[in-house]
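Enquirer:
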Amino acid sequence: MPGLRRDRLLALLLLGALFSADLYFHLWPQVQRQLRPGEHPSGCPCSGRAPSASLHSAAASRDPGTASHNFSGALHRVEHPSRGHPAPRSKLQALFAHSLYQVLEDPPLLGPEDWLLASQETLRYYRRKVARWNRRHKIYKEQFNLTSLDPPLQFRPEASWVQFYLGINSHGLYSRTSPVVSKLLHDMRHFPTISADYSQDEKALLGACDCSQIVKPSGVHLKLVLRFSDFGKAMFKPMRQQREEETPEDFFYFIDFQRHNAEIAAFHLDRILDFRRVPPTVGRLVNVTKEILEVTKNEILQTNNVCFFAKCPYMCKTEYAVCGNPHLLEGSLSAFLPSLNLAPRLSVPNPWIRSYSLSGKEEWELNPLYCDTVKQIYPYNSSNRLLGIIDMAVFDFLIGNMDRHHYEMFTKFGDDGYLIHLDNARGVRTAFPGRTLYPRPSGAVLHVSFYAKIKKKTLLHLRLLARADYRLSDVMRESLLEDQLTPVLTEPHLLALDRRLQIILKTVEDCIEAHGERRVVADGSAQRSAPDSGQANLTS
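So the number in my numbering is just where the residue sits in the sequence shown, counting from 1, plus 49.
(1) Could you check what DSSP says for S131 in three-state terms: helix, strand or coil?
(2) Count the other C-beta atoms from every protein chain shown that fall within 10 angstroms of the C-beta of L418, then say buried if there are 16 or more, exposed otherwise.
(3) For L271, which option in W164, L234, H309 has the closest C-alpha, if you only look at C-alpha atoms?
(4) Going by DSSP, what residue range makes up the alpha helix (DSSP H) through F446?
(5) Please classify V327: is it buried, with 16 or more other beta-carbons within 10 angstroms of its beta-carbon, or exposed?
(6) Measuring alpha carbon to alpha carbon, tell me which of D518, L468, Q551 ends up nearest N218.
(7) From D199, L222, T556, pick the residue whose C-alpha is nearest to that of S278; which is it?
(8) Runs of 4 residues minimum, wholly inside the segment 154-213: which ones carry the alpha helix (DSSP H) assignment?
(9) Between the segment 199-217 and the segment 173-184, do at least 3 Cβ pairs fall closer than 8 Å?
(10) Exposed or buried, which one is F285 when buried takes at least 16 other CB atoms within 10 Å?
(11) Does DSSP classify L273 as helix, strand or coil?
(12) Report the option in L386, K410, Y427 whose CA atom is closest to the CA atom of R394.
(13) Between the beta-carbon of T8 and the beta-carbon of E340, is there less than 9 Å?
(14) With DSSP as the reference, label E343 as helix, strand or coil.
(15) Verify whether the separation of the beta carbon atoms of Y175 and V211 is less than 9 Å.
(16) Is the beta carbon of L513 less than 9 Å from the beta carbon of I553?
(17) By the 10 Å Cβ neighbour count, where 16 or more other Cβ atoms means buried, how is Y427 classified, buried or exposed?
(18) Under 6 Å Cβ to Cβ from S396, same chain only, skipping five residues before and after it: list those, please.
(19) Give the DSSP-derived three-state secondary structure of I451 in the structure shown.
(20) Give the straight-line distance between the Cα atoms of L422 and W413, rounded to the nearest whole angstrom.
(21) I'd like the span of the alpha helix (DSSP H) that includes V423, first residue to last.
(22) For my contact list, I503 and I438 are in at a C-beta cut-off of 8 Å; report their separation, rounded to the angstrom.
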């Protein structure tokens, strides 16, 4: 009998210890997270925020006359006079109030074919995804005997990411007048994370340092997929270099670190150029422990402390790890596009792809007739595709991106659809003249436009941004103040934008003077460009 009582006592002590451990390691952190100021449960409205939009807010954002202008953002809504004098006029507000940004887009959005997604089908799809996520999360907790106070996720049609998806149309990823983008940027910056994982490219490697195993190299930049409490999802790229660090001239381009601030700057530049082809991107300080390690189900991530490293050539070593300092990690968050099940995309090799070897050259660098040949083949001979490539080349030259090996398009919008400007972390590597990093003409450099035409709309915007009242560096500086990680760009990088803009304009004007405006500037629908052997070799 004394032995039986001793066994019962030991069993009770063991159960008590297990309960105490579960309480300390699982229940108590959840209670702390619920009570932590500034983080609110997904089922409650955040304090200080406006009431959520209704289910029909997507329809409202589709009507240019029903929403206020979105671009200037909340930062510039109120002017604060100082000692009786009005505040200086906002150049960014003045830019977006200019008539070029008020022109009705052509063709007008008339029917379902002009919108990427069907509302009801999209809502049903993501409602099922949320339900599936809840089931898998419940199984995961039961499997590891985890206790959580968090209620199951609820699908909210008024969530900013849902409204962003429903607002994608044949003119761009968002409308000029849509208020959704500002709300989405706010949510990505502030909402707590509920899961973290490696990107699909990195998981496809299965721990092997061989990027050839996947369709396109995932590069040398560590990427994590973060999901937020509203079920929105974003690609997180952490800071690898300080903003003032310059890429050495003799550095092999392909092994250079990518830059998170380039992703943020690319979104703002794309918006200022009125392209609207870069997904909304925002900077954020992420707590590695609480917002990655405590919410991930990935066993590899769980075994890390506060450091991570990618799994691709040149970067498979722990000395290239990314670490919190001590727990906070700065990075960019880019909103995901809709699921490929709902909105298939076409990935097309860039005809002017740069060479990724030290000695090799691409055909366009060796064959003087290459461009004329490209213009005779599908789809560049009968659509706006080539004009879209020129827009992309303008954008890449301004931001300093030489890594545009592919471009993507939504298949629904056909051959005349716009090119989506994804993956811009290769930009803002150097800001100083003379350090061109262009040992030979590159596919991302604007020389491509002298085999083809440039859109009149694009040229008018570039000319406007060269004027003192709307100077590109000034409006970029003001726009980037909205980001939490400001200053996003150093002053030399901002001034480099003005210098590159002048290079573009001078080259286009020289081309107009030599060949006539009709052969250089495309006005309206797709026009087939006349063959032209002229080529300009630009440096930044």
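Just so you know, even glycine gets a beta-carbon here, dropped at the ideal spot from N, CA and C.
Expert: Working from what's here:
(1) Summary for S131: the model assigns pLDDT 42, below 50, so the residue's position carries little reliability; its value from the coordinates is reported in the next sentence. In this structure, S131 counts as strand in the three-state DSSP scheme.
(2) exposed
(3) H309
(4) 434-448
(5) buried
(6) L468
(7) D199
(8) 168-192
(9) yes
(10) buried
(11) strand
(12) L386
(13) Outside the shown range of the chain (50 to 589) lies residue 8, about which nothing can therefore be said.
(14) coil
(15) yes
(16) no
(17) exposed
(18) H455, E457
(19) The question names Ile, but residue 451 is Met in the sequence shown. The answer is coil: DSSP assigns M451 none of H, G, I, E or B.
(20) Strictly speaking, residue 422 in this sequence is Thr, with Leu absent from that position. Looking at the two C-alpha atoms, the distance is approximately 10 Å.
(21) 419-423
(22) Not really, about 11 Å apart at Cβ, beyond 8 Å.
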